[in-house]
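Engineer: In this text, residue positions in the sequence shown follow this note's numbering: the first is 445, and each later residue adds one. Backbone N, C-alpha and C define an ideal beta-carbon position, used for all residues, glycine too. Got a structure for you, questions after.
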Amino acid sequence: MLLTILVIIISVFFGYVVINLFATHLKLDEKIASSFVIGISLYSLLTFLIANIFKLSFVTIIFSTTIIVLFIVVALTKRKLFYSRYLKDLLTFQRLAQFFSKEKYLLFTFIFFTVLFAKIFSQTFVPEKEGIYAGSLGFWGDGALHLTLINSFFRDDNFWPQQPLFSGVKLSYPFLPDFTSSIFLKLGSSMRTAIAFPSVLLLSSSILLLYSIFRQVTKSKLAASLAIFILFFLGGLGFIYFFEDLIRSNAAFSTFAYPPREYTSMGNDKGLHYINLITSPIVSQRAFLFGLPLFLVIFTIIKAGLEKLDKNQFIFAGILVGILPFFHSHTLLTLGIVLPVFALVNLINRSIREVKKVILSWIMFGGIAFVLIVPQLFLFFSPSISANAIHLQLGWMAHLKNENFIWFWIKNTGLMIPLILILPLVIKKERLLSLLKFYAPFAIVFIIANLIIFQPLEYDNSKLFNYWYIFSAPLVATVIVKFLQNNFFLKVLGIIIFVVIILSGFLDVWRLNNYKKNKILMFDNESINLADFISDNTEPRSVFVTAIQHNHPVLSLAGRRVLVGYTGWLWTYGINYGPREQDVRNIYQGDNLSKNLFHKYDVNYLVIGPVERSQFQINEQFFEQNYTRIYSTPAYRLYKIS
């Protein structure tokens, strides 16, 4: 744990130095927040590139840490740079306490959400007497995938990364967020710490960056703070069903203490598909934990570059965009929509000279990003990935219940859209134009995501809608603050509107915090022992035949690759798994065809356990007679094939 803290401190200071070299126009609070994001991200990328040559080990981590320490030392020895930037910042740090004392809304918001996120992530992956528990359904589900990727680097030397769920195919998923946790595991942290620590740090940094952006946009400290509450507690009209549950309940206090269901995720029943930001992407989608803060850093740097007409800001932003495929592809896609619109609207009311400078800066930005991104497309692309995922579809998921498009979005986002529409009625024209200039790119994201589905799983368009919602929050907060600044009746109305907007999301997050009620056994002790044996006694990069199970211990704990993993994920990646899935079924039937298939897929080991017995017809006698059983418990048998 101490080594993990030391490496994070060094990487954050590295990020601070990089910011001072390449993004010189940020304010101190923006620099501090960006230092965490850039430092951790670039350190992770550097370590990954080195690990591809030398594997991931303690020595590899020391080597990459030494490189960034040398970078810091060289940067600090530049006298002019030291006195003009670092010393100035050190003196400014003395005023940081005064800054936070004046920013009471920010201080409250920052502490509230940092504590909340620390609690949530402390219960994602909890060892107990019976085994390892997941603290929520979201982590039990998608968390198993992230454990698989983390352990594939930590225990399986998965470089250049192959898809653990489908052996022989390159990994097309943004893997650096999970690789980051594998670094901390190598430094001696527990899995719980390796997941929670970077998550909380990056989310806390995001709060500072969001507040800075929102305060500049709204010109109001209160509105900036309220906007953060709105975006993290987003929810539609699902709270109506909470009151129905409350009326039907014989124990009102128990219903308040632990709501019986989620009220932003009632898709099949009520058509509520837009799930709360915390309970879905933040808890279960680790890539978003890097994607969001990187988006905010890039946006902040470009905004500063436009204000100062500094092309160096654009160059640095282009580099950061260029590494996004490693971290979060949907953030890259969102920026691909947002930035062209943002570029156009920011040419308005500029002189010819300024327009030329801005266009040149954008060309440099785009050129650098393009040069960095294109090679990664070849690295991540696999011929097994289907190209048929993208298709036109009006209204996202409204078609599932044949609902009116407008009603679908009001139901899923509550009063948010109506409040944005009445914005022109409550603020002056000059402020309105400024807000619309800021908001236009995100409105385009909303429109495009309602017209085009980008992946086989249509729900994944929510990853685009998330950015639209986040940057809609300051507009909604602006309207609420206008009500709060008015007469008593409008003050009360403003409070009611705020409660209505956040109530569904708040109920879901409140429910999420009850670990005792939510916990699900993810791995029993027998599964853990099997994974430990495999990790200690089988070769890295071995191929296993197992059941098609999302949290199989071979994958999620041992980190080994399998012939076919959970098909629900493979489908979302566009992988044609059908023929191989049938081959797995044929293998377990145990005959000469099994031997041919072992040779075809270069299989090294086969597992027979409870899930395998429930999924397949297994000829266990065949495997006993033809292969060596190297591990056996009442539940599991492990056979060496080659």
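Using the beta-carbon count (16 or more within 10 Å), is V818 buried or exposed?
Structural biologist: Here residue 818 refers to the residue found at position 374 when the sequence shown is read from its first residue. Its Cβ having fewer than 16 others within 10 Å, V818 is exposed.
Engineer: Are A991 and E1056 touching if we call contact CB-CB under 8 Å?
Structural biologist: Position 547 of the sequence shown holds residue 991. Position 612 of the sequence shown holds residue 1056. Cβ atoms of A991 and E1056: closer than 8 Å.
Engineer: Starting from the Cα of F814, find the closest Cα among F786, L779, R794 and give me that residue.
Structural biologist: Residue 814 sits at position 370 when you count from the first residue of the sequence shown. The candidate whose alpha carbon is nearest that of F814 is L779.
Engineer: Going by the CB atoms, is the gap between F809 and A884 shorter than 8 Å?
Structural biologist: For the purposes of this step, residue 884 is taken as residue 440 along the sequence shown, with counting starting at 1. For the purposes of this step, residue 809 is taken as residue 365 along the sequence shown, with counting starting at 1. Cβ distance not < 8 Å, so A884 and F809 don't count as in contact.
Engineer: Which class does G762 belong to by DSSP, given the choice of helix, strand or coil?
Structural biologist: Position 318 of the sequence shown, counting from 1, holds the residue named residue 762. If DSSP states are grouped into helix, strand and coil, G762 belongs with the helices.
Engineer: In this structure, how does DSSP classify Y1045 when only helix, strand and coil are distinguished?
Structural biologist: As a first step, residue 1045 must be located in the sequence shown, where it is residue number 601. Helix, per DSSP.
Engineer: Please specify which runs of the alpha helix (DSSP H), each continuous and at least 4 residues long, are wholly inside the segment 911-980, giving them in chain order.
Structural biologist: Entirely contained in the segment 911-980, the alpha helix (DSSP H) runs reaching 4 residues are, in chain order, 932-956, 959-962.
Engineer: Three or more C-beta pairs under 8 Å: does that hold for the segment 451-462 against the segment 510-519?
Structural biologist: In short, these stretches touch, since the Cβ pair count reaches three.
Engineer: Could you tell me which residues DSSP puts in a beta bridge with Y685?
Structural biologist: In the sequence shown, the residue the question calls residue 685 occupies position 241. BP columns for Y685 are empty, so no partner.
Engineer: Would a C-beta distance cut-off of 8 Å place I505 and K665 closer than the cut-off?
Structural biologist: Position 61 of the sequence shown, counted from the first residue, corresponds to residue 505. Position 221 of the sequence shown, counted from the first residue, corresponds to residue 665. No, they are not a contact pair.
Engineer: What are the residues that DSSP puts in a beta bridge with Q1069?
Structural biologist: Taking the first residue of the sequence shown as 1, we reach residue 1069 at position 625. Answer is none; Q1069 lacks a bridge partner.
Engineer: Mind checking who Q606 pairs with in its DSSP beta bridge?
Structural biologist: Working through the sequence shown from its first residue, we reach residue 606 at position 162. DSSP output for Q606 lists K614 as bridge partner(s).
Engineer: Considering V570, what are the terminal residues of the beta strand (DSSP E) in which it resides?
Structural biologist: Here residue 570 corresponds to residue number 126 of the sequence shown, with the count starting at 1. From DSSP, the beta strand (DSSP E) with V570 extends over 569-572.
Engineer: Between the segment 910-923 and the segment 667-675, can you find at least three pairs of beta-carbon atoms closer than 8 Å?
Structural biologist: Contact holds: three or more Cβ-Cβ distances are below 8 Å.
Engineer: Take the Cβ of S830 as the centre, count every other Cβ of all protein chains shown within 10 Å, and call the residue buried at 16 or more, exposed below.
Structural biologist: Within the sequence shown, the letter at position 386 stands for residue 830. Only weak support exists for where S830 lies, its pLDDT of 48 falling under 50; the value from the coordinates is given anyway. Exposed, by the Cβ-count rule.
Engineer: In this structure, does DSSP put I871 in helix, strand or coil?
Structural biologist: By 1-based counting over the sequence shown, the position of residue 871 is 427. If DSSP states are grouped into helix, strand and coil, I871 belongs with coil.
Engineer: Go to I746, then tell me how far its alpha helix (DSSP H) extends in each direction, as first and last residue.
Structural biologist: Numbered from its first residue, the sequence shown carries residue 746 at position 302. Start and end: 730-752.
Engineer: Look at the alpha carbon of V802 and the alpha carbon of G811, and state the distance between them as a whole number of angstroms.
Structural biologist: One-based indexing of the sequence shown puts residue 802 at position 358. One-based indexing of the sequence shown puts residue 811 at position 367. The alpha-carbon atoms of V802 and G811 are separated by roughly 14 Å.
Engineer: Mapping the DSSP letters down to three states, classify S830 as helix, strand or coil.
Structural biologist: Along the sequence shown, one-based indexing puts residue 830 at 386. With a pLDDT of only 48 at S830, under 50, the local geometry of the prediction cannot be trusted, and the value read off the model is given with reservation. Of the three classes helix, strand and coil, the one that applies to S830 here is coil, per DSSP.
Engineer: Could you say which of D1046, N496, G1034 lies nearest to Q1061 if we only look at CA atoms?
Structural biologist: Indexing the sequence shown from 1 puts residue 1061 at position 617. When only C-alpha atoms are compared, the closest one is G1034.
Engineer: So within the segment 446-515, which uninterrupted alpha helix (DSSP H) runs reach at least 4 residues, ignoring any that extend past its ends?
Structural biologist: With a minimum length of 4 residues, the continuous alpha helix (DSSP H) runs that stay inside the segment 446-515 are 446-466, 472-498.
Engineer: How far does the beta strand (DSSP E) with K800 in it reach, from first residue to last?
Structural biologist: Within the sequence shown, the letter at position 356 stands for residue 800. Element bounds for K800: not the beta strand (DSSP E) but the alpha helix (DSSP H), 796-824.
Engineer: Does the Cβ-Cβ distance between K752 and H469 come in under 8 Å?
Structural biologist: Taking the sequence shown and counting its residues from 1, the one referred to as residue 752 is at position 308. Taking the sequence shown and counting its residues from 1, the one referred to as residue 469 is at position 25. Contact flag set, yes.
Engineer: How close, in whole Å, do the beta carbons of I564 and N957 come, if the pair is a contact with beta carbons under 8 Å?
Structural biologist: Position 120 of the sequence shown holds residue 564. Position 513 of the sequence shown holds residue 957. So it is a contact: roughly 7 Å between Cβ atoms.
Engineer: With DSSP as the reference, label V987 as helix, strand or coil.
Structural biologist: Taking the first residue of the sequence shown as position 1, residue 987 is located at position 543. In the structure shown, V987 sits in a strand (DSSP, three-state: E or B).
Engineer: Leaving out the 5 sequence neighbours to the left and right, which residues in its chain are closer than 8 Å to I892 when beta-carbon positions are compared?
Structural biologist: In the sequence shown, counting from the first residue as 1, residue 892 sits at position 448. Closer than 8 Å at the Cβ level, and outside the excluded window around I892, lie I781, L908.
Engineer: I believe S626 touches F598 by the beta-carbon criterion, under 8 Å. Please report the beta-carbon distance rounded to the nearest angstrom.
Structural biologist: Counting from 1 along the sequence shown, the entry for residue 626 is found at position 182. Counting from 1 along the sequence shown, the entry for residue 598 is found at position 154. The Cβ separation is near 4 Å, so the contact holds.
Engineer: Taking just the CA atoms, how far does N995 sit from W954?
Structural biologist: The residue labelled residue 954 in the question sits at position 510 within the sequence shown. The residue labelled residue 995 in the question sits at position 551 within the sequence shown. Those two C-alpha atoms are separated by around 26 Å.
Engineer: Extract the residue ranges of the alpha helix (DSSP H) inside the segment 839-906, only unbroken runs of 4 or more that lie entirely within it.
Structural biologist: 849-857, 860-865, 867-870, 873-893, all fully within the segment 839-906.
Engineer: With distance defined between alpha-carbon atoms, name the residue in G858, R692, D601, L733 nearest to N496.
Structural biologist: Reading the sequence shown from its first residue, position 52 is the one you call residue 496. Minimum Cα distance to N496 is reached at D601.
Engineer: In this structure, does DSSP put Y1032 in helix, strand or coil?
Structural biologist: Along the sequence shown, read from residue 1 onward, the residue named residue 1032 stands at position 588. Three-state DSSP puts Y1032 in a helix.
Engineer: Where do the ends of the alpha helix (DSSP H) carrying K1084 lie?
Structural biologist: Within the sequence shown, the letter at position 640 stands for residue 1084. Run containing K1084: none in the alpha helix (DSSP H); it sits in the beta strand (DSSP E), 1081-1084.
Engineer: In this structure, how does DSSP classify Y549 when only helix, strand and coil are distinguished?
Structural biologist: Stepping through the sequence shown from its first residue, residue 549 is reached at position 105. The answer is helix: DSSP assigns Y549 an H, G or I state.
Engineer: How far does the alpha helix (DSSP H) with A668 in it reach, from first residue to last?
Structural biologist: Position 224 of the sequence shown holds residue 668. Looking at the DSSP string, the run of the alpha helix (DSSP H) that includes A668 is 665-676.
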